[in-house]
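With the first letter of the sequence shown counted as 1, position 309 gets the number 964 in our numbering; the numbers rise by one all the way through.
Virtual Cβ for every residue (Gly too), placed ideally from N, Cα, C.
Computed from a prediction, not measured in an experiment: that's the story for all the values here.
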Amino acid sequence: MLSWVVLAPVAWAVDFQVSPPKISFERNFEQAQLLVTAVDATGAIGPRADDLTTRATFVSSNPAVVTVTPAGRLLGVGNGDAQITVAVEGHQKTIEVHVEGIQPDPPINFIEQVLPILYKAGCNGGACHASQHGKGGFTLSVMGYDPAADRQAILRDRMQRRVNLLNPADSLVLKKPTMAMPHGGGKRLEVGSNDYNILQAWIARGAPESKPDTRKVTKLMVTPASRIGQPGMKQQLQVQALYSDGKTRDVTAWARFDSMDEGVLNVSSAGVVSAIGKGQAPIMVRYEGQAEIAMVVIPFGESVNLADWKNNNFVDELASAKFRELGIAPSGLCDDATFLRRAYFDAIGTQPT
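In structure tokens form, the structure reads like this:
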């Protein structure tokens, strides 16, 4: 028994999968989030699979081509090929990374690269510059629905004070969110960060508008789409955008994450979900007008006894599956009066009269 306890963690540590298995970047400032997930004996990933991303270590074979953070976030910085070594408790896997299209003076797509930064930072939210009268005389469209008006507000409004085409670093749109100047919205951007560099490069190129045929996001794909765990669990989310040209792109760095039940789940701006309670709750993920959810279940118990439960129809089958998933037992049968009272509250929000 003692030898089994010692050997089990070693066998478990070998069993993991890195997603995606290979990555290609085609321009400056592109990022991708790695997921490291435990697999079962068959090599499959189930809804209860442990996320090992926060426990793994990541090393780039060539930081001049691609860098990687301790959280598994990749950034392409130079043309070429490199490998990322992912280690969990001494066991390693390697993924290939190809980077091309890196330029010293890169073109920036306003809709695809600039607006997501403003949305992620909350600049074009209803409580900030997208409120009815804006903030500090600066008004943006809600969630960037009107890119042309937003660019006009940034570039031309208030006598062009928000951008400095000759000295981009001196632009208000960079100085205020970094708190180099007083900003009522607080610090929203770090000097030298990838997002800061994107905005600075856009201004340096003359703050151009996007081309009329700029591709659009048609769908978001969140991984994992569902997860069953325990209180204290952490899960890194990965977000892919499907574009109108059929290509996909990792947009985890610029997606917006919100917990729909903060009594059950918290989620960081980087997409790390933390289970703080029990129950079922979705994480809402938004990017460029699209939205998707990741459903997380934290069971109330390890098992549930449904010996007295009988499935009379397909609704009962779905209910019993949910009872087992949540680890809760159904309540006993109620009388007709109680049933009607509950039905009234569920349907119209008031009790019978």
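Original post:
Below 9 Å between beta carbons: does that hold for Ile772 and Val752?
Top reply: The count along the sequence shown starts at 1 and reaches residue 772 at position 117. The count along the sequence shown starts at 1 and reaches residue 752 at position 97. No; because the gap between Cβ atoms is not below 9 Å, this pair is not in contact.
**OP:** Kindly indicate which three-state DSSP category Arg860 falls into: helix, strand or coil?
**Re:** Within the sequence shown, the letter at position 205 stands for residue 860. Of the three classes helix, strand and coil, the one that applies to Arg860 here is coil, per DSSP.
Original post:
For Lys677, does the three-state DSSP call read helix, strand or coil?
Top reply: Your numbering for residue 677 matches position 22 in the sequence shown. Here Lys677 sits in strand by DSSP.
Original post:
On the three-state DSSP scale, how would you describe Thr993?
Top reply: Your numbering for residue 993 matches position 338 in the sequence shown. Helix.
**OP:** Report buried or exposed for Ala803, applying the criterion of at least 16 other Cβ atoms within 10 angstroms of its Cβ.
**Re:** By one-based count along the sequence shown, residue 803 stands at place 148. Burial call: exposed.
Original post:
Just the Cα atoms here: how many angstroms apart are Ala880 and Val970?
Top reply: Residue numbering aside, residue 880 sits at position 225 when the sequence shown is read from its first letter. Residue numbering aside, residue 970 sits at position 315 when the sequence shown is read from its first letter. Their backbone Cα atoms lie some 23 Å apart in a straight line.
Original post:
Given 8 Å as the limit, is there contact between the segment 862-878 and the segment 837-849, that is, 3 or more CB pairs closer than that?
Top reply: no
Original post:
Straight-line CA distance for Glu681 to Pro762?
Top reply: Residue mapping note: residue 681 aligns to position 26 of the sequence shown, counting from 1. Residue mapping note: residue 762 aligns to position 107 of the sequence shown, counting from 1. Each residue's alpha carbon lies about 12 Å from the other.
**OP:** Reducing DSSP to helix, strand and coil, say where Asp913 ends up.
**Re:** Counted from its first residue, the sequence shown places residue 913 at position 258. Three-state result, Asp913: strand.
Original post:
Considering only the beta carbon of each residue, do Thr749 and Val743 sit closer than 9 Å?
Top reply: As a first step, residue 749 must be located in the sequence shown, where it is residue number 94. As a first step, residue 743 must be located in the sequence shown, where it is residue number 88. For Thr749 and Val743, no; Cβs fall outside 9 Å.
Original post:
Roughly how many angstroms separate the alpha carbons of Ile853 and Trp964, rounded to a whole number?
Top reply: The residue you call residue 853 lines up with position 198 of the sequence shown. The residue you call residue 964 lines up with position 309 of the sequence shown. Their backbone Cα atoms lie some 58 Å apart in a straight line.
**OP:** Please list, in chain order, all residues of the same chain as Glu972 whose beta carbon is under 8 Å from its beta carbon, the five residues on each side excluded.
**Re:** Numbered from 1 along the sequence shown, position 317 holds the residue referred to as residue 972. Contacts found: Asn966.
Original post:
When DSSP labels each residue in this structure, what does Gly884 get in the three-state scheme?
Top reply: Against the sequence shown, residue 884 aligns to sequence position 229. The answer is coil: DSSP assigns Gly884 none of H, G, I, E or B.
Original post:
Anyone know if the C-beta pair for Ile757 and Gly733 falls short of 9 Å?
Top reply: Locating residue 757 in the sequence shown gives position 102, counting from the first residue. Locating residue 733 in the sequence shown gives position 78, counting from the first residue. The answer is yes: Cβ separation under 9 Å.
**OP:** Taking 9 Å as the cut-off, decide whether the C-beta atoms of Asn779 and Val797 are in contact.
**Re:** Residue mapping note: residue 779 aligns to position 124 of the sequence shown, counting from 1. Residue mapping note: residue 797 aligns to position 142 of the sequence shown, counting from 1. Taking 9 Å as the Cβ cut-off, Asn779 and Val797 qualify as a contacting pair.
Subject >> Exposure of Asp706, with buried meaning 16 or more beta-carbon neighbours within 10 Å >> reply: By 1-based counting over the sequence shown, the position of residue 706 is 51. When all chains shown are included, Asp706 counts as buried.
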